[in-house]
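S.K.:
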Amino acid sequence: MMTASNMTRFALVGLVALSMAACAPRRPVTGVADGTGGPAIDNPAYPGPGNGGIDGGNIGSGAPGSEQDFVVNVGDRIYFDLDSYSVSPEAYPRLDAQAAWLARYPQITVRIEGNADERGTREYNLALGARRAESIRNYLIERGVSAGRIDTISFGKERPIAEGATEDSWARNRNGHTAIVSGAQ
Amino acid sequence: MRLNLLLSTVAAIGIAATSFAQAQSARDLNGPSRQQTQAQPAQTGEPIEVEIDQGVLRPFQIAVAPFSGQNGTSIADVLSGDLRRSGFFEPINPASFIETNLSLANAPNFPQWTQIGAQAVLYGSVTPRPDGRNDFGFRLYDPYRQCQLVSYNFTATPEQWRRIAHKIADVVYARMTGETGIFDTRIIYVAESGTELNRLSRLAIVDQDGYNPVFLTDGSEIILTPRFSSNPDEITYMALGEDYSRIYLYNLTTGRRESLGEFEGQAFAPRYSPDGSRVAFSIIRGGNTDVYVMNLGTRQLSRLTSDPGIDTSPSFSPDATRIVFNSDRTGTPRLYVMNADGSGQRPISRGGGSYTAPAWSPRGDLIAFTKSGGGQFGIGVMNIDGSGERMLSRSYFEEGPSWAPNGRYLMFSRQTRGGNTNLWMVDLSGRVIAQSGYQGRGSDPAWSPLLDESPNNLGVGQGADSCSS
């Protein structure tokens, strides 16, 4: 299943690739224009393909109980509506899965990081992010995770995961991130 | 309020008109006019020449002659830049000057200055002293009335010429407007670099005109909301690390940095009390944000608010008896005022939209704020009872007004859609709005107090202010 967080990830990879393409240096035209040939082969801006062999393999989904297992198979982020800090019903399955996973690995402690979009003032957004983190913490506690295993912090609007001034990126930046602190494989 | 502004507008136009009429008569009669036309003193007890409330239809034409001596031309440039940025002065192009050999020993050749429309002439010299320091002397004349407005001599090491230029600009500004100056000040801010998703933020300080920027942190923490104490050597700010957040107190002179304390819950939004003895800030506990105050001497912590809403961004009144803050206890964030002990909490903002990030004017008369609504953010001011609200600036995004020490200007950060964040400045009329002297990427500006007290013996030993007699 393609989770929202994976979608984000792929979208970001796409963006990076796009911006790299946009930044690729243009070929100098001087050599071509006067008919003396293409760019000099020792131009450092045009690295050759390289001689090393290329190997492939499957991307792992993480050993059970690992951080990668949590991120890939459970999902470490849920999203909030504009100016809202209540956990939306769409987020229940993922938080339920987080609670179940944390029940399976009781030595693991987590930190819930609350985030806000950029359409708010700095200090107010810190307080808003804290409410989001607390909502997630309370949800997990209700699902049986012991309070002592869950720390919270608000990053306000300081740690965006999606760039661009669009409704979509703001929506993705309004999130709560469950970060593994200790105890993972 | 509106009526007052209107009245002062009329008064200002009146002054300008009289001044030009006077200029005409002075030229016709080839002699000084002694008619008293100045408005009453606003603050410093001096008569004022420029009404800066509203209605300055044309900035005051001032001729700033290159000073003689070391760095003299640069001093005049710095001075001119300061005065121009204030919005109330228009330095005349030096290329049009007729008299070019001004000396402190003499008065200007008045007709040669009125001929180019100079309403004031500033000139000075830099003279070495036996102790290795320099004398920076200057005179300011009104060429129409043919009298000296002010004169003074600063003594400082030669390297301090730029600061001295700012101090001279402050003297000129104060003499002409009746308001305390703003130029011998610095801005502390968060310098930004990198990309949206990988932003590097560093605490930085810069002269008010954008010169001498210095980074004070290395970028390993995200820096937020630096603020000055009444002592411009001391600041407080918030920092976010990977897994912690902290309020720091930082002495810029000694480099000593300490944490305000380890709290049960996340602490943020620090702001000094006017005397620097306390810091008001917010602590988040169990998702709820309240306002606290800590006595820095005793480290005693007091809780000022306790409702389930978000209560944050506290800012003291200059007499330290009250605090303005924002709260969403009734839904949308509004501005509230309370007594400094937390009693008497009452909403003051009246309009729709969200009000956040209030800052109490150092003059005590106004509260600046950020207001959002209709997809825009703006900077505005209101009276301390919430009346007389007016917006000074609006754009896609702007926030965090910080007052100039004279309570006449606000600096804030403005972000363009999908673009960078820069520091902007607006005056209380909303007429003078421009990027601040520092043009690099940055946010969260805080304007320092004047670095020194203004001299109180202006004109002494150099010939008194003959225009006011």
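Protein chains in written order, with the working numbering: chain D, 24 to 208; chain R, 959 to 1427.
Where is the CB? At the ideal position from N, CA and C, for every residue including glycine.
Comparing the CB of R1121/R with every heavy atom of the ligand ATP, is any distance shorter than 7 Å?
M.R.: This structure does not include the ligand ATP; it has no bound ligands of any sort.
S.K.: Could you please tell me which residues of the region 1142 to 1164 of chain R, in chain order, have their CB closer than 9 Å to any CB of chain D?
M.R.: Correct list: T1153, E1154, L1155, R1157, S1159.
S.K.: Can you check whether the C-beta of Q1303/R is within less than 8 Å of a C-beta belonging to chain D?
M.R.: Counted from its first residue, the second sequence places residue 1303/R at position 345. So no, Q1303/R is outside the interface.
S.K.: Hey, is S107/D's beta-carbon within less than 8 Å of any beta-carbon in chain R?
M.R.: Locating residue 107/D in the first sequence gives position 84, where the first residue counts as 1. No, because no Cβ of chain R sits closer than 8 Å to the Cβ of S107/D.
S.K.: Under 8 Å, CB to CB, which of the residues in the region 1266 to 1281 of chain R have a partner in chain D?
M.R.: Listed by position along the chain: I1268, T1270, S1271.
S.K.: Taking all protein chains shown into account, decide if N1092/R is buried (16 or more other Cβ within 10 angstroms of its Cβ) or exposed.
M.R.: For the purposes of this step, residue 1092/R is taken as the residue at position 134 of the second sequence. Buried, because 16 or more other Cβ atoms sit within 10 Å of the Cβ of N1092/R.
S.K.: Would you call the CB atoms of T1328/R and P1359/R closer than 8 Å?
M.R.: Residue mapping note: residue 1328/R aligns to position 370 of the second sequence, counting from 1. Residue mapping note: residue 1359/R aligns to position 401 of the second sequence, counting from 1. Yes.
S.K.: Can you find the residues in the same chain that come closer than 8 Å, C-beta to C-beta, to G1400/R, ignoring five residues on each side of it along the sequence?
M.R.: In the second sequence, the residue the question calls residue 1400/R occupies position 442. Cβ neighbours of G1400/R beyond the five flanking positions: Y1147, V1148, A1149, E1150, A1162, S1371, T1379, N1380, L1381.
S.K.: Using a Cβ distance threshold of 8 Å, determine whether the region 1092 to 1103 of chain R contacts the region 1072 to 1079 of chain R, with at least three qualifying pairs required.
M.R.: The region 1092 to 1103 of chain R is in contact with the region 1072 to 1079 of chain R.
S.K.: Please list the residues of the region 1346 to 1370 of chain R that have a C-beta atom closer than 9 Å to any C-beta atom in chain D, keeping them in chain order.
M.R.: Within the region 1346 to 1370 of chain R, the residues whose Cβ lies closer than 9 Å to some Cβ of chain D are Y1354, F1355, E1357, G1358, listed in chain order.
S.K.: Can you pull the chain R neighbours of P183/D, defined as C-beta to C-beta under 7 Å?
M.R.: Position 160 of the first sequence holds residue 183/D. Result: E1154, L1155.
S.K.: Can you tell me where the alpha helix (DSSP H) holding D151/D begins and where it ends?
M.R.: In the first sequence, counting from the first residue as 1, residue 151/D sits at position 128. Note on identity: in this sequence residue 151/D is Leu, with Asp being the wrong assignment. Where L151/D is concerned, the enclosing alpha helix (DSSP H) stretches over 145 to 165.
S.K.: Among residues of its own chain, excluding the 5 on either side of S1178/R, which ones have a beta-carbon nearer than 8 Å to its beta-carbon?
M.R.: By one-based count along the second sequence, residue 1178/R stands at place 220. G1199.
S.K.: DSSP has K1125/R in a bridge; who is on the other side?
M.R.: The residue given as residue 1125/R occupies position 167 in the second sequence. Its beta-bridge partners do not exist; DSSP assigns none.
S.K.: Go ahead and pull the three-state DSSP assignment for S1371/R.
M.R.: On the second sequence, position 413 is the one that residue 1371/R refers to. Reduced to three states, the DSSP call for S1371/R is strand.
S.K.: Please specify which runs of the alpha helix (DSSP H), each continuous and at least 4 residues long, are wholly inside the region 1089 to 1134 of chain R, giving them in chain order.
M.R.: Counting whole runs of 4 or more residues, the region 1089 to 1134 of chain R contains no alpha helix (DSSP H) stretch at all.
S.K.: Restricting to Cα atoms, I'd like to know which of I184/D, E113/D, A188/D is closest to L1155/R.
M.R.: Taking the second sequence and counting its residues from 1, one reaches residue 1155/R at position 197. The shortest Cα separation from L1155/R among I184/D, E113/D, A188/D belongs to I184/D.
S.K.: Name, please, each residue of chain D whose Cβ falls closer than 8 Å to the Cβ of G1376/R.
M.R.: As a first step, residue 1376/R is located in the second sequence; it is residue number 418 there, counting from the start. Correct list: G187, A188.
S.K.: Under 7 Å between beta-carbons, which chain D residues line up against L1198/R? List them in chain order, please.
M.R.: In the second sequence, the residue the question calls residue 1198/R occupies position 240. Here the neighbours are F178, E181.
S.K.: Look at R100/D and A139/D and say whether their C-beta atoms are less than 8 Å apart.
M.R.: Walking along the first sequence from the start, residue 100/D turns up at place 77. Walking along the first sequence from the start, residue 139/D turns up at place 116. Taking 8 Å as the Cβ cut-off, R100/D and A139/D do not qualify as a contacting pair.
S.K.: Against chain D, does I1180/R count as a neighbour if the rule is that its beta carbon must be under 8 Å from one of theirs?
M.R.: What you label residue 1180/R is simply residue 222 of the second sequence in a count that begins at 1. It does: the Cβ of I1180/R has a partner Cβ on chain D nearer than 8 Å.
S.K.: Would you list, in sequence order, the uninterrupted beta strand (DSSP E) runs of no fewer than 3 residues that lie entirely inside the region 1016 to 1077 of chain R?
M.R.: Complete beta strand (DSSP E) runs here, min 3: 1018 to 1022, 1047 to 1049.
S.K.: Need the endpoints of the alpha helix (DSSP H) that A122/D sits in, please.
M.R.: Locating residue 122/D in the first sequence gives position 99, counting from the first residue. Segment 115 to 127, the alpha helix (DSSP H) holding A122/D.
S.K.: Please return the same chain residues whose Cβ sits closer than 7 Å to the Cβ of S1271/R, not counting the five positions on each side in sequence.
M.R.: In the second sequence, counting from the first residue as 1, residue 1271/R sits at position 313. If we look at S1271/R and ignore the five residues flanking it on each side, its Cβ neighbours are A1227, F1283, N1284, T1314, A1315, P1316.
S.K.: On the CB-based measure, 16 or more other CB atoms within 10 Å of its CB, does R1375/R come out buried or exposed?
M.R.: As a working note, residue 1375/R is residue 417 in the second sequence. Flag for R1375/R reads exposed.
S.K.: Taking only runs of the alpha helix (DSSP H) that begin and end inside the region 1216 to 1294 of chain R, which ones reach a length of at least 4 residues, in chain order?
M.R.: Taking only runs of at least 4 residues, no alpha helix (DSSP H) segment lies wholly in the region 1216 to 1294 of chain R.
S.K.: Pop quiz: Q1351/R and I1337/R are said to be a contact at Cβ under 8 Å. What is the actual Cβ separation, rounded to whole angstroms?
M.R.: Counting from one through the second sequence, the residue named residue 1351/R turns up at place 393. Counting from one through the second sequence, the residue named residue 1337/R turns up at place 379. For clarity, residue 1351/R is Ser in the given sequence; the question names Gln instead. With 8 Å as the limit, S1351/R and I1337/R qualify as a contact, their Cβ atoms being about 5 Å apart.
S.K.: Can you tell me where the alpha helix (DSSP H) holding A194/D begins and where it ends?
M.R.: For the purposes of this step, residue 194/D is identified with residue 171 of the first sequence, where counting begins at 1. It spans 190 to 196 - the alpha helix (DSSP H) in which A194/D sits, taken as one unbroken run.
S.K.: Residues in its own chain within less than 7 Å of G1322/R by CB, not counting five upstream and five downstream?
M.R.: For the purposes of this step, residue 1322/R is identified with residue 364 of the second sequence, where counting begins at 1. Excluding residues within five positions, the ones whose Cβ falls inside 7 Å are S1275, P1276, D1277.
S.K.: When you compare the CB positions of A1034/R and F1046/R, do they come within less than 8 Å of one another, or not?
M.R.: Taking the first residue of the second sequence as 1, we reach residue 1034/R at position 76. Taking the first residue of the second sequence as 1, we reach residue 1046/R at position 88. For A1034/R and F1046/R, no; Cβs fall outside 8 Å.
S.K.: Leaving aside the five residues before and after A1023/R along the sequence, list all residues of the same chain whose C-beta is less than 6 Å from its C-beta, in chain order.
M.R.: Position 65 of the second sequence, counted from the first residue, corresponds to residue 1023/R. So the qualifying residues of the chain are L1060, Y1081.
S.K.: Could you have a look at F93/D and say whether DSSP puts it in helix, strand or coil?
M.R.: One-based indexing of the first sequence puts residue 93/D at position 70. Looking at F93/D - three-state DSSP - the assignment turns out to be helix.
S.K.: Which same chain residues, not among the five before or five after Q1019/R, have their C-beta less than 7 Å away from its C-beta?
M.R.: Within the second sequence, numbered from 1, the residue matching residue 1019/R stands at position 61. Contacts found: E1048, I1050, G1075, A1076, Q1077.
S.K.: Contact criterion: CB-CB distance below 8 Å. Does F1226/R meet it with respect to chain D?
M.R.: For this step, residue 1226/R is matched to residue 268 along the second sequence. True, the Cβ-Cβ gap to chain D drops below 8 Å.
S.K.: On the DSSP letters alone, give me the boundaries of the beta strand (DSSP E) that L1182/R sits inside.
M.R.: Start at 1 with the first residue of the second sequence, and residue 1182/R comes out as number 224. Element bounds for L1182/R: 1180 to 1186.
S.K.: For G1136/R, is the classification buried or exposed, using 16 other Cβ atoms within 10 angstroms of its Cβ as the cut-off for buried?
M.R.: Walking along the second sequence from the start, residue 1136/R turns up at place 178. G1136/R should be labelled buried.
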